[in-house]
Amino acid sequence: MENYVELLKKNNQSHLLKYIEMASESDKKKLIGQVEKIDFEQINELYEISKKDNKKIMKSYIIEHTKFTDKYKMPEDKFEELNSLGEEIIRKGQYAVVTMAGGQGTRLGHNGPKGTFLLNVSPKPKYLFEIIADGLNKANKKYNTVLNWYIMTSVENNESTVNFFEEHNFFGYPKENIMFFKQGSLPLLSEEGKLFVDEEFNIKFAADGNGCIYKSMKNEGILDDMKKKGIKWVFIGAVDNALLNMSDTCLLGLAISENNEIASKSVVKINPQEKVGVFCKKNSAPAVIEYTELPLGMAEETDEEGELLFGESHIMCNLYSIGALEKISEQELPYHSANKKASYMKEDGTIFKAEIPNAYKYEAFIFDGFNYFDNISILRGRREEDFAPIKNATEVDCPETAIKLYNDFHKGE
Ligand code: UTP
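Residue numbers (the working numbering): 257 to 669.
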């Protein structure tokens, strides 16, 4: 009894005592159990992050542009050489694919995991998970293999994701080659640093960001499973790109030929203002700088040929050696804070529905894993072949734009 009271008072969370008082015996037990599991030291550190000025912090780094290879501007013999290097690995069964599907998809506003969103493509609508399964089935045929497919879910959406796959018979993908694993979560905090409680007397948590994939792959036994299966290279991609190429042999060949442990696909920014993160060097190490942190002057800088110096967008299309994944999984990636809307139960038992952002959410970013390496390979692809994101409900990067890109790419199949 004393423990949790002291704990809450000491950590500036005494408002939770009111919830504990008004809860039924079983809810009380549950809530106290959750309080006791919270790492308050970490919560206090996270709250500090929200108060920091990122733009100011960025100014303390040396940001430089970085080199990349254009997939379609290399000599033909080099292109062929890279592709055959990559193909050999895939054919030997040393390649696996991971889909990150633990996000909340708040901007899209779909009810359910984002992968269960039905995209109205031709000739028949397909779920986002189905598009991925189809892409992998196609690669399996082409390279005469069966790729092991790992799917990262969150505490929130794991059950509904697994049920969805079962209901749809795994979209014809060999079930024994699919493995689901869960990422972690972190509490949401109010602008005053307070924990939220929902109507079922649970402390509100949210997924801890796609950068936590490295740690989750280690903790959930995925890296061990891959090693047991002889996998040497792992592609990690997002669930919400209808044109994601998960088996680009040129990307894999480039990493091997450049002797790098990470390779990443980019597409050129549509314009300097496009809201995407771009590849750069941060204090000499490979990094991605968020559009919010790149000063406009730098975003508009061009080289002598008129190309943007910071124009290679990171499109969540990343490839790693198993050793690279192990190395990053041992690191503590930084958390970033984002303003989000969070509904919650007020202390009088009524529900507060947020119309504007009222909460801090903490996430690690996948690209923060890059800076543990001296170099990574960057391959510039083409938007019309590689990138049809579904982020928003309307206007940009939305189902309508993705449908057009998908249909154009698959025309005539
Ligand atoms: P986004 O960063 O675009 O986030 O995810 P989101 O959750 O899909 O959408 P919003 O921001 O709430 O609108 C890019 C990819 O990273 C995955 C997503 O599922 C998507 O494939 N992701 C994101 C995770 O797997 N876990 C996370 O915690 C966050």
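Built from N, CA and C at the ideal position, the CB exists for glycine as well.
Worksheet item: Whose C-alpha, out of Gly477, Asn574, Phe420 and His321, is nearest the C-alpha of Ile492?
Response: Asn574
Discussion item. Just verifying my parser: in three-state terms, what is the DSSP assignment at Arg636?
Written reply: strand
Practice prompt. Could you pull out every unbroken alpha helix (DSSP H) segment of at least 4 residues lying fully inside the stretch 462-538, listed in chain order?
Written response: 469-475, 478-484 and 505-513
Practice prompt. Spell out whether any CB of chain B is found under 8 Å from the CB atom of Pro443.
Written response: Among the chains of the structure shown, chain B does not appear; only one protein chain is present.
Worksheet item: Going by C-alpha distance, which of Asn419, Leu445, Asn627 and Met473 is nearest Ile578?
Response: Met473
Practice prompt. Evaluate Pro381 with the Cβ neighbour count: other Cβ atoms within 10 Å of its Cβ, from every protein chain shown; 16 or more gives buried, anything less gives exposed.
Written response: exposed
Discussion item. Per DSSP, what are the beta-bridge partners of Asn326 in this structure?
Written reply: Per the sequence shown, the amino acid found at residue 326 is Asp instead of Asn. Paired residues: Arg636.
Discussion item. Please classify Ser585 as buried or exposed, where buried requires at least 16 other C-beta atoms within 10 Å of its C-beta.
Written reply: buried
Item to complete: Under the assumption that Thr355 contacts Met408 (Cβ atoms under 8 Å), give the Cβ distance between them as a whole number of angstroms.
Response: 7 Å
Worksheet entry | Residues of its chain near Asn414, where Cβ-Cβ distance is below 6 Å and the 5 sequence neighbours each way are ignored | Lys438
Practice prompt. Report the residue from Thr372, Ile318 and Gly553 whose alpha carbon sits nearest the alpha carbon of Asn419.
Written response: Thr372
Worksheet entry | Buried or exposed (CB count within 10 angstroms, at least 16 for buried), Asp630 | exposed
Worksheet item: Does ligand 1 have even one heavy atom less than 7 Å from the beta-carbon of Val495?
Response: yes
Worksheet item: Below 8 Å between beta carbons: does that hold for Asp496 and Lys597?
Response: no
Fill in: 8 Å Cβ cutoff met for Leu499 and Tyr662
yes
Worksheet entry | Selected residue, minimal CA-CA separation from Leu444, among Phe427, Gly428, Gly637 and Ala463 | Ala463
Worksheet item: With DSSP run on the structure shown, which of helix, strand or coil describes Ala594?
Response: strand
Practice prompt. Measure the CB-CB distance between Val453 and Met278 and report whether it falls below 8 Å.
Written response: no
Practice prompt. Return the chain-ordered ranges of every alpha helix (DSSP H) run that is complete within the stretch 280-317 and spans a minimum of 4 residues.
Written response: 281-293, 296-306 and 310-315
Worksheet item: Helix, strand or coil for Tyr618 per DSSP?
Response: strand
Worksheet item: Looking at C-beta atoms only, is the number of pairs between the stretch 542-550 and the stretch 619-628 that lie closer than 8 Å three or more?
Response: yes
Discussion item. Output needed for Glu611: all residues of its chain with C-beta closer than 8 Å, excluding positions within five of it in sequence on either side, in chain order.
Written reply: Lys597
Fill in: Minimum C-alpha distance to Leu264 - residue among Glu281, Lys286 and Ile294
Ile294
Worksheet item: Does ligand 1 have even one heavy atom less than 7 Å from the beta-carbon of Ser577?
Response: no
Worksheet item: How many whole angstroms separate the CB atoms of Leu458 and Tyr317, which I take to be in contact at a CB cut-off of 8 Å?
Response: For the sequence presented, residue 458 should be read as Asn rather than Leu. Not confirmed; about 39 Å, so no contact.
Worksheet item: Distance, Cα to Cα, Leu338 vs Ile571?
Response: 21 Å
Discussion item. I'd like to check one pair, Gly467 with Ala357: are the Cβ atoms closer than 8 Å?
Written reply: no
Discussion item. Under 7 Å: does the beta carbon of Tyr463 sit that close to some heavy atom of ligand 1?
Written reply: The amino acid occupying residue 463 in the given sequence is Ala; Tyr does not appear at that position. It does: the Cβ of Ala463 is within 7 Å (strictly closer) of some heavy atom of ligand 1.
Fill in: Thr558 beta carbon near ligand 1 (any heavy atom closer than 7 Å)
no
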